[in-house]
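Residue numbers (the UniProt record's numbering): 1 to 446.
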């Protein structure tokens, strides 16, 4: 069997791959692992609006109680709120039941440490080992040692107050459309913006268990673009199902991705002298236009592997303030331990208000370079980095593009594919480069 935990917890089709039985085992394993710190560990649980969420919540909570832990249920609440509340409530761990931007049939379970950070791979591996172990009857809690399930009330209000307090300006009169993806942010997102004074037009904020991410949210922004133009709004905000990512639409209907949003927010921190070492942490997938734009303003980017957990690891090493991904997972370390879609929206809209500029003019601070993405199916992806001819052609085109482009070649984590990303000023040149690299990879790995 492959590794149970993926890049963002345990994921799968609910009741087929992610079953109640597996959720129970994960809850039990988590309580055993975090129970090493204390008797009766306190584990909080939040979920998004998927139909399967209640089923998995019940199983996860039962597993926690079976190992002597106490499960504190938050109900429907964004992933970043669970991260925040884990530390705020002095819990031993937090758990989120969500599959983010995936369709409603999927679901997932991921854990946060007592500090609100995602667990490192090594800890996930230990929990996975406990899942695989047989239950030892003599160690099973009985009687008064069995855990409890506690329903928590009004914890969403604590999170709302935290986000509102993080704002450094009001949004008085700013007309904003927010697409809540029929997900965990359907109530909280609009409420935060209203409390800051914005005129809010909510979209896709009536979840029914099966409409999460369905033609809406940060992966389907067409309706948001239409409504922004139709209503004359200053901006549109799109979250995903668990609200840990944010993309935006300007007043002209153009989409701003995570790179553009990070640049706008980084420049605000630079002005205040609050961007440590003038560094923005990004992944290797961020557009070269972002690197050039921040360099023009006296900053610089540090690149990590793809994945917000790697961005956070780099930020924690040197206490950097801002980092994120093109996909809209953006981390403001002063206020959050993970990507936070509504916090990102508040900081972005605040930058508009303070600079008295339109979102389109701020988005134009970064020139987006064309990107070509190409997947090459191979017989064996292992050891591709050691192939001399592949390295030779990559190096050739890297030298050709110079500082005006970049090439990223990597193996897929789940499929027999080698992924090629070429970026530079000329689309047709990039197509030619990607095709040439793909041809060599095919010859070498067929």
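Yeah, the Cβ is synthetic: ideal placement off N, Cα and C, and Gly gets one too.
Just so you know, these numbers come straight off a predicted model, no measurement behind them.
- Whole angstroms is fine: what's the gap from residue 217's alpha carbon to residue 106's? Rounded to whole angstroms, the gap between the alpha carbons of residue 217 and residue 106 is 16 Å.
- Query: Is DSSP giving residue 323 helix, strand or coil here?
  - Reply: In the three-state DSSP reduction, residue 323 falls in the strand class (E or B).
- Query: Roughly how many whole angstroms lie between the Cα atoms of residue 67 and residue 76?
  - Reply: Looking at the two C-alpha atoms, the distance is approximately 24 Å.
- Item | residue 345 versus residue 151 - alpha carbon distance | Using only the alpha carbons, I get a separation of about 30 Å.
- Nonlocal neighbours in the same chain, by C-beta distance under 7 Å from residue 366, ignoring five residues either side: Result list for residue 366: 259, 260, 263, 289, 290 and 293, in chain order.
- Message: Just to confirm the assignment: which complete beta strand (DSSP E) runs, minimum length 3, are found wholly within the stretch 82-133?
- Response: If you keep only unbroken beta strand (DSSP E) runs of at least 3 residues inside the stretch 82-133, you get 93-97 and 106-113.
- Pull up the distance between the alpha-carbon of residue 227 and that of residue 243, whole angstroms please. Each residue's Cα considered, the two are about 20 Å apart.
- Query: Hey, which unbroken runs of the alpha helix (DSSP H) at 4 residues or more fall wholly within the stretch 188-267?
  - Reply: Listed in chain order, they are 188-195 and 222-231.
- Assigned secondary structure, residue 345 (DSSP; H/G/I helix, E/B strand, else coil): Correct three-state label for residue 345: helix.
- Message: Would the stretch 194-212 count as touching the stretch 114-132 if we require 3 or more Cβ pairs under 8 Å?
- Response: Because the criterion of three Cβ pairs below 8 Å is not met, the stretch 194-212 and the stretch 114-132 do not touch.
- Proximal residues to residue 131 (C-beta, below 7 Å), its chain only, five neighbours per side dropped: Exclusion of the five residues before and after residue 131 leaves 4, 25, 26 and 29 as the residues of its chain whose Cβ lies within less than 7 Å of its Cβ.
- Query: So what does DSSP say about residue 329, is it helix, strand or coil?
  - Reply: Looking at residue 329 - three-state DSSP - the assignment turns out to be coil, as it is neither helix nor strand.
- Which two residues bound the contiguous alpha helix (DSSP H) that contains residue 22? Annotation for residue 22: the continuous alpha helix (DSSP H) segment containing it runs 20-34.
- Query: What's the C-alpha gap between residue 340 and residue 191?
  - Reply: Distance from the CA of residue 340 to the CA of residue 191, rounded to the nearest whole angstrom, comes to 15 Å.
- Item | According to DSSP, residues forming a beta bridge with residue 301 | 280, per the DSSP bridge assignment.
- Item | Distance, residue 444 Cα to residue 233 Cα | Using only the alpha carbons, I get a separation of about 53 Å.
- Message: Among the candidates 168, 120 and 138, whose CA atom is the shortest distance from the CA of residue 316?
- Response: The candidate whose alpha carbon is nearest that of residue 316 is 120.
- Item | Separation of residue 394 from residue 306, as counted between CA atoms | About 19 Å.
- Task: Give the C-beta separation of residue 158 and residue 88 to the nearest angstrom, bearing in mind that I take them to be a contact with Cβ-Cβ under 8 Å.
- Result: About 6 Å separates the beta carbons of residue 158 and residue 88, which is inside the 8 Å limit, making them a contact pair.
- Item | Three-state secondary structure (DSSP) of residue 47 | When DSSP states are grouped into helix, strand and coil, residue 47 belongs to the strand group.
- Query: In terms of residue numbering, what span does the beta strand (DSSP E) encompassing residue 423 cover?
  - Reply: First-last of the beta strand (DSSP E) with residue 423: 417-423.
- Nearest neighbour of residue 17, chosen from 92, 145, 56 and 427 [CA to CA]: Residue 56 holds the alpha-carbon nearest to the alpha-carbon of residue 17 among 92, 145, 56 and 427.
- Which partner residues does residue 14 have in the DSSP bridge list? DSSP lists 18 as partners of residue 14.
- Message: By the three-class DSSP mapping on this structure, what secondary structure does residue 289 have?
- Response: In the displayed model, residue 289 falls within a helix according to three-state DSSP.
- With DSSP collapsed to three states, give me the class of residue 175. Here residue 175 sits in strand by DSSP.
- Query: When we look at the beta-carbon of residue 237 and count the other beta-carbons within 10 Å, is it buried (16 or more) or exposed?
  - Reply: With a 10 Å radius around the Cβ and a threshold of 16 neighbouring Cβ atoms, residue 237 comes out buried.
- Message: With the cut-off set at 8 Å, would you say residue 322 and residue 280 are in Cβ contact?
- Response: In this structure, residue 280 lies closer than 8 Å to residue 322 by Cβ.
- Alpha-carbon spacing of residue 8 relative to residue 409, whole angstroms: Distance between the alpha carbons of residue 8 and residue 409 is about 22 Å.
- Task: Mind checking who residue 71 pairs with in its DSSP beta bridge?
- Result: Paired residues: 43 and 149.
- With a Cβ-Cβ cutoff of 8 Å, do residue 422 and residue 372 count as a contact? In terms of Cβ geometry, residue 422 and residue 372 form a close pair [threshold 8 Å].
- Which of the three DSSP states, helix, strand or coil, is assigned to residue 428? Here DSSP, grouped into helix, strand and coil, assigns residue 428 to helix.
- Query: Which same chain residues, not among the five before or five after residue 1, have their C-beta less than 7 Å away from its C-beta?
  - Reply: In this predicted model, residue 1 has a pLDDT of only 47, less than 50, meaning its place in the structure is not dependable enough to derive any value.
- Item | Segment limits, alpha helix (DSSP H) that includes residue 142 | Run containing residue 142: none; DSSP gives neither H nor E here.
- Roughly how many angstroms separate the alpha carbons of residue 78 and residue 167, rounded to a whole number? Cα-Cα distance, rounded: 18 Å.
- Query: In terms of alpha-carbon separation, which member of 203, 245 and 270 lies closest to residue 331?
  - Reply: The option with the nearest alpha carbon to residue 331 is 245.
- Please name the residue in 58, 108 and 185 whose C-alpha comes closest to that of residue 6. Measuring from the Cα of residue 6, the nearest candidate turns out to be 108.
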